[in-house]
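Structure first, then comments.
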Amino acid sequence: METIKFLESGKVILEKWIERSRTTDENRLDIWISTENLKPAVQSLVENHWGYLITITGLDIPAVYDQDNIEIQPGQLEALYHFANDADIITIRVKVPYSKPQIDSICDIIPSATIYEREVIELFGFDLLNTPNTEKLILPDSWPEGVYPLRKSFTHLQDLETSKKEQSND
Amino acid sequence: MTEAKKEKFIVPIGPQHPALKEPGNFEFTVDGEIVTDAAVRLGFVHRGIEKACENRNYTQDLYLLERVCGICSHVHATAFVLGVEKLAGVQAPPRAEAIRVLAAELERIHSHLLWFGVAAHEAGFDTLFMYTWRDREVVMDILETLSGSRVHYSVNILGGVKIDVDQKLSDLIKKDMDFLEERTEYYMKVVTTDDTFLGRTRGIGTLSKDRAKLLGAVGPTARASGVKRDIRVNAPYSGYKEFPVKMVIDQTGDLEARFVVRLKELYESYRLIREILEKIQPGEITTRIKRKIPEGEVISRVEAPRGELFYYIKSNGTEMPDRVKVRTPSLCNWGTITDVAVGHKLADMPMLLAGIDPCFSCNDRMVEIRSDSQPSQMMNWDGLRKYGIEYYR
């Protein structure tokens, strides 16, 4: 009973920004919103004391090619902001293209989000605007720039080392 | 401004400690004795498990994820199997769910006792450390008898569990629970009445309810500040639906409260284990599950000894997951340290750090602010610990 109440109150709070929504489980609501609405949406959840931010999950959606190797859908990144209120989870989802992976930082609303933001910056290559700290979080300081290990195209660093060697041999 | 900045005095500690068993680098900015800024740099044992999961099938992932942590291995496996079972539309038999809870609570006991010993050691109370670790062996022996392994018990399999409890083992566990309960009574007495110990814990590192909420604290750290967050109660999973637990809450929010909350949780674990052993119904312990998991996304949350453990699993309809995201509880609680440390004495730092029960291999993902002034004095963890003990002598 309560489950439905929480999810519905959350849906009411976020109503004006929802582009598409989906309920996969009785206690879950996934909503897709456009990137510029992320901050106001998070702000209103926090102002209405609707739960807390569990984490930010990054997803890589690689580019799709047709049989002639022509890109029919460019590569995208998706960020999932999971908010929990008791058993209920609302996931705010935003999609950005590889070419412009920019999302506003929510750290001024939820300061503890900084670690999650740094994680997705490092592992996926998101560009979080105005995030307070962009120092290395997980990867070693010597990790090459622009290599994002959790993207599907990344297999292992060995490739990079050999390709570097090949380049230097050229 | 720049003048003042230059005068900052930073005490770097780690990342390799002779005393602390896991790698972590801390930088405390001090003004005389008082800490004005704190920073943590982790990531020294990052292993890329999330990526590795994408190249292995679900069964292999189960064993891989169990190795995320050597203290709370069972909860990781539980979170994963519960998620995968949900995706596959499979429900493990009730006996299996009860055994999962049994193992989880045994694990909680061993984890809390381990932490208690470490915290006592940091306080310079090595007798207490020896006592708790001796008593912890009782649980370790149970786990070994139960599963054949002390650390990675591998109780879970997809669709159920692979161990069972018989009457003989059940009697043994009950007897051991009585012993541990008696010991916990004694620890509770020490923690709440011993003057030397209270000098290190009472009124230290107080975290208000609002700050705890804002900083996203979880587990005993949050509950010691009066935040009602316990997944076992908020969103009962697995056998906790049948065997509910009572949430332990304390309003004080200081270090003492964190000790009291964890010790009280031990009582709750003893009670629950006895209840499970008495009420568990005979029956199957596994169901069949297909190798290929239907397409979908699932969120699975369980309560680890240190707090909420979060799993997000995305399946693409094959034998291997498309994405596995793990958010461990220690990660959330680091944020509270850098907040709480400020304004305290350098001598309090070992206890404050121990207070959140940090688990490095558990997440190893976190860094905080670093001030740009030069380190002036090196101190290792052992040195800092001794400094703290001497200070309060």
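Chains as they are written, first to last, in the working numbering: chain A, 356 to 525; chain B, 235 to 627. All residues carry an ideal CB built from backbone N, CA and C; glycine is no exception.
Closer than 8 Å to chain A by CB, residue i
| i | result |
| --- | --- |
| VAL601/B | Bear in mind that a pLDDT of 30 at VAL601/B, under 50, signals an unreliable position, so the number given afterwards is only what the model happens to contain. It does; some Cβ of chain A falls within 8 Å. |
| PHE350/B | no |
| SER605/B | Residue placement at SER605/B cannot be trusted, given a pLDDT of 36 that sits under 50; what the coordinates show is reported in the next sentence. Taking Cβ atoms only, chain A never reaches closer than 8 Å to SER605/B, which makes this a no. |
| ILE639/B | The requested residue 639/B is not part of the displayed model; chain B covers only 235 to 627. |
| TYR545/B | no |
| GLY487/B | no |
Neighbouring residues, chain B, relative to residue i (Cβ below 7 Å)
| i | result |
| --- | --- |
| ALA442/A | ASN468, ALA469 |
| LEU505/A | GLU284, LYS285 |
Cutoff 8 Å: residue i Cβ touching any chain B Cβ
| i | result |
| --- | --- |
| ARG375/A | no |
| SER467/A | yes |
| THR379/A | yes |
Distance cut-off 7 Å: residue i Cβ against heavy atoms of the ligand MN
| i | result |
| --- | --- |
| LEU432/B | Among the components of this structure there are no ligands whatsoever, and the ligand MN is therefore not found. |
Cross-chain neighbours of residue i in chain A, by beta carbon under 8 Å
| i | result |
| --- | --- |
| HIS280/B | ILE493, LEU494 |
| GLY277/B | LYS491, LEU492, ILE493, LEU494, PRO495 |
| GLY551/B | Ordered by position in chain A, no residue passes the 8 Å Cβ test against GLY551/B, which lies about 15 Å from the chain. |
| ARG530/B | Correcting the residue type first, residue 530/B is Gly in the shown sequence and not Arg. Those within 8 Å of GLY530/B in chain A are THR379. |
Closer than 8 Å to chain D by CB, residue i
| i | result |
| --- | --- |
| ILE590/B | Checking the listed chains, one finds no chain D in this structure; the protein chains it contains are A and B. |
Under 9 Å from the C-beta of residue i: neighbouring residues of chain A
| i | result |
| --- | --- |
| ARG557/B | THR412, GLY413, LEU414, ASP415, LEU505 |
Residues that residue i contacts on chain A, provided the C-beta gap is smaller than 7 Å
| i | result |
| --- | --- |
| PHE260/B | What PHE260/B touches in chain A: nothing, since even the nearest Cβ is about 15 Å away. |
| ARG561/B | ILE409, THR410 |
Test item: CB-CB of residue i and residue j under 8 Å
| i | j | result |
| --- | --- | --- |
| LEU384/A | LEU414/A | no |
| LEU580/B | VAL264/B | yes |
| ARG334/B | SER503/B | no |
| ALA357/B | LEU543/B | no |
| ASN488/A | ASP459/A | no |
| VAL425/B | PHE493/B | yes |
| ALA338/B | HIS308/B | yes |
| LEU408/A | ILE465/A | yes |
| ARG436/B | GLU499/B | no |
| ILE533/B | LEU321/B | no |
| GLY622/B | ASP582/B | yes |
| GLU474/A | ILE493/A | yes |
| GLU476/B | ASN291/B | no |
| PHE509/A | LEU432/A | no |
| GLU284/B | LEU435/A | no |
| SER467/A | GLY450/B | yes |
| ILE523/B | VAL389/B | no |
| VAL315/B | LEU380/B | no |
| LEU347/B | ILE510/B | no |
| PRO454/B | ARG505/B | no |
Discussion item. Counting beta carbon pairs with one atom in the segment 341-356 of chain B and one in the segment 534-541 of chain B, are three or more of them shorter than 8 Å?
Written reply: yes
Discussion item. If the cut-off is 7 Å on Cβ atoms, which residues from the segment 398-431 of chain A count as contacting chain B, listed in chain order?
Written reply: TYR407, LEU408, ILE409, THR410, THR412, LEU414
Worksheet item: Touch check for the segment 265-281 of chain B and the segment 425-436 of chain B: three-plus C-beta pairs under 8 Å?
Response: no
Discussion item. Contact between the segment 480-490 of chain B and the segment 461-470 of chain B is defined here as three or more beta-carbon pairs at a separation below 8 Å; is this criterion met?
Written reply: yes
Discussion item. Along the segment 382-395 of chain A, where does the CB come closer than 9 Å to a CB of chain B? Name the residues.
Written reply: ASN382, ARG383, ASP385
Fill in: Residues from the segment 440-457 of chain B in contact with chain A, defined by Cβ distance under 8 Å
LYS447, LEU448, LEU449, GLY450
Worksheet item: Counting Cβ pairs closer than 8 Å, one from the segment 351-363 of chain B and one from the segment 297-317 of chain B, do we hit at least three?
Response: no
Item to complete: Please name the residues in the segment 286-320 of chain B whose beta-carbon is closer than 7 Å to at least one beta-carbon of chain A, in chain order.
Response: none
Discussion item. Counting only Cβ-Cβ distances shorter than 7 Å, please list the residues of the segment 471-482 of chain B near chain A, keeping chain order.
Written reply: none
Discussion item. Is it the case that the segment 406-419 of chain B contacts the segment 360-379 of chain B, given that we only count it when at least three CB pairs across the two stretches are under 8 Å?
Written reply: yes
Worksheet item: Does the segment 387-406 of chain B touch the segment 451-460 of chain B, meaning 3 or more C-beta pairs lie closer than 8 Å?
Response: no
Worksheet item: Is the segment 493-505 of chain A touching the segment 280-287 of chain B in the sense that three or more CB pairs, one from each, lie closer than 8 Å?
Response: yes
Worksheet item: Should the segment 365-375 of chain A be called in touch with the segment 395-403 of chain A, which here means at least 3 C-beta pairs below 8 Å?
Response: yes
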